[in-house]
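Chemist: Numbering (our numbering), first residue to last: 107 to 589. One structure, pasted below without further comment.
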């Protein structure tokens with residue numbers, strides 16, 4: 107390695123030095139053996155600066171991307187030895203570890219299963235040394251593999267899709283159970299000494315659950331483990347997110363119903379959902395719980411819809427009852443003081459309203475609509491410190507949130523316009539009956555509800571503001587003192 111040509115990586119380097127370093131990078135990148143020079147220098151620890159380490163890794167990455175697939179057998183074995191040396195673990199910066207993991211992931215999709223069928227056995231053997239850095243790199247490699255093979259946001263060619271299918275099928279047949287067992291051991295072994303590894307491992311579980319056998323994760327051993335983490339402040343956010351990944355797993359409706367209900371009973375037994383309040387829990391954890399409950403609710407609605415299509419008269423009422431039992435949590439998290447927590451629950455509210463369309467509403471249904479509408483009205487209020495003169499990011503986000511709440515109002519109006527009008531009329535009467543002590547935000551939301559009712563309710567059966575006794579006429583009488 108020509109160390110003198112690396113001076114351009116320094117922040118105080120001259121333009122000439124930077125030009126020479128760039129030229130040297132291109133030279134190494136285009137050389138067949140340039141990656142070997144960089145890998146050897148990286149492994150020697152002669153220069154631990156992040157810029158130099160990234161320089162070396164970028165050259166190795168270029169080789170893997172551009173030449174590795176058609177390399178000689180000797181070159182393949184040489185790179186494999188380098189990668190396994192990395193897997194043995196040594197202290198590295200997070201960004202460097204991520205780049206190392208990315209390179210190993212890129213080599214994996216080229217080699218596995220044909221050229222390196224024992225990839226996971228070799229990697230797990232390295233992880234077995236118990237070195238923290240080795241375990242972290244292993245987990246990051248798994249996330250890099252997920253990004254290359256599974257990530258649905260990444261556009262793949264037909265050839266890549268075929269390759270990815272082969273990789274997943276082979277993994278399912280040969281190594282997934284061993285990987286799952288390693289995840290459990292990592293989560294339990296490091297939950298106290300290095301909880302960040304347990305959190306990262308739960309992220310891996312959440313990513314892989316979408317395509318592996320659900321029974322490997324949705325079992326007493328794993329679920330009890332995750333449930334216990336919900337009571338540990340440093341682990342609970344990742345645990346809630348991991349559970350949401352399990353809930354989102356594609357399944358037939360009856361097994362999904364059983365999965366969600368089993369998890370719900372455990373959450374209720376542990377009083378995780380009912381005891382969490384705005385005052386004693388941080389917003390990030392409440393946000394994760396809100397997303398988890400929303401995922402459970404949406405999963406139940408989806409199962410109900412499939413059962414309706416199948417005309418499954420036995421399980422339709424069971425799924426509907428399960429949905430109704432989650433409504434108190436819908437109200438609780440939708441009404442959270444933090445708008446982010448509240449907004450995370452909106453999809454469940456929308457889907458719940460969708461199952462009421464086309465059916466005869468029972469008194470229980472109307473009571474649920476009434477409760478939901480009251481929450482929506484409360485969340486529609488401006489915060490006391492809302493800046494109307496100079497709207498920043500928070501103000502813009504709240505106005506966007508209001509648009510989502512309006513969707514709920516419009517849907518409730520379709521389901522039961524009479525209920526909507528009666529509720530809004532009551533809000534007007536309550537907030538405007540004593541203007542001297544009523545806050546601005548209450549007056550504003552009362553008038554806003556009247557305006558939204560005018561947009562949402564177009565049925566002429568409810569009359570107009572000129573028809574005495576109609577809901578519109580009553581509301582106009584209420585707002586007359588403001589005119």
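Each residue gets a CB set at the ideal place from its N, CA and C atoms; glycine is no exception. As the structure is a prediction and not an experimental result, all values here were calculated from the model.
Spatial neighbours of residue 119 within its chain, please: C-beta separation below 7 angstroms, excluding the five flanking residues on both sides.
Modeler: If we look at residue 119 and ignore the five residues flanking it on each side, its Cβ neighbours are 113.
Chemist: Of all the alpha helix (DSSP H) runs that stay within the bounds of the segment 211-273, which reach a length of 4 or more residues?
Modeler: 225-233 and 238-255
Chemist: Quick one: what does DSSP say residue 281 is sitting in, helix, strand or coil?
Modeler: coil
Chemist: Only counting the same chain, and skipping five residues up and downstream in sequence, which positions put a Cβ closer than 6 angstroms to that of residue 305?
Modeler: In the same chain as residue 305, and ignoring 5 residues on each side of it, the C-beta atoms closer than 6 angstroms to its own belong to 344, in chain order.
Chemist: Is it true that the CB of residue 563 sits closer than 8 angstroms to the CB of residue 527?
Modeler: yes
Chemist: Taking all protein chains shown into account, decide if residue 208 is buried (16 or more other Cβ within 10 angstroms of its Cβ) or exposed.
Modeler: buried
Chemist: Just confirm the distance between the C-beta atoms of residue 332 and residue 286, as a whole number of angstroms; I'd bet it's less than 8 angstroms.
Modeler: Contact flag wrong, Cβ pair sits at about 13 angstroms.
Chemist: Can you tell me whether residue 517 is buried or exposed? The criterion is at least 16 other CB atoms within 10 Å of its CB, across all chains shown.
Modeler: buried
Chemist: Could you give the DSSP three-state label for residue 363: helix, strand or coil?
Modeler: Three-state result, residue 363: helix.
Chemist: Looking at the structure shown, is residue 500 part of a helix, part of a strand, or coil, going by DSSP?
Modeler: Looking at residue 500 - three-state DSSP - the assignment turns out to be helix.
Chemist: For residue 64, does the three-state DSSP call read helix, strand or coil?
Modeler: Here the chain comprises residues numbered 107 to 589, so residue 64 is not present and cannot be evaluated.
Chemist: Considering only the beta carbon of each residue, do residue 313 and residue 252 sit closer than 8 angstroms?
Modeler: yes
Chemist: Please work out which residues of its chain come closer than 6 angstroms, Cβ to Cβ, to residue 212, disregarding the five sequence neighbours upstream and downstream, and give them in chain order.
Modeler: 170
Chemist: Taking 6 angstroms as the limit between beta carbons, can you name the residues of its chain near residue 536, skipping five residues before and five after?
Modeler: none
Chemist: What does the alpha-carbon distance come out to for the pair residue 138 and residue 233?
Modeler: 31 angstroms
Chemist: Report the three-state DSSP secondary structure of residue 483 (helix, strand or coil).
Modeler: helix
Chemist: What three-state label does DSSP hand residue 417 in the structure shown?
Modeler: Coil, per DSSP.
Chemist: May I ask you to report which of helix, strand or coil DSSP gives residue 299?
Modeler: coil
Chemist: List the whole-angstrom C-beta distance separating residue 156 from residue 201, where the pair is believed to meet the contact cut-off of C-beta under 8 angstroms.
Modeler: 7 angstroms
Chemist: Looking at residue 391 and residue 350, is the spacing between their C-beta atoms short of 8 angstroms?
Modeler: no
Chemist: Are there three or more Cβ pairs, one per stretch, closer than 8 angstroms when the segment 493-508 is compared with the segment 528-547?
Modeler: no
Chemist: Could you have a look at residue 492 and say whether DSSP puts it in helix, strand or coil?
Modeler: coil
Chemist: Checking 8 angstroms against the spacing of the C-beta atoms, do residue 261 and residue 289 come in under that value?
Modeler: Taking C-beta atoms as the reference points, residue 261 and residue 289 fail to come closer than 8 angstroms.
Chemist: Does DSSP put residue 591 in a helix, in a strand, or in coil?
Modeler: Because the chain here runs from 107 to 589, residue 591 falls outside it and cannot be looked at.
Chemist: Looking at C-alpha atoms only, which residue of 196, 338, 422 and 298 is the closest neighbour of residue 407?
Modeler: 422
Chemist: From what residue to what residue does the alpha helix (DSSP H) around residue 117 run?
Modeler: From DSSP, residue 117 is part of no alpha helix (DSSP H); its letter is neither H nor E.
Chemist: How about residue 400 and residue 451: are their beta carbons less than 8 angstroms apart?
Modeler: yes
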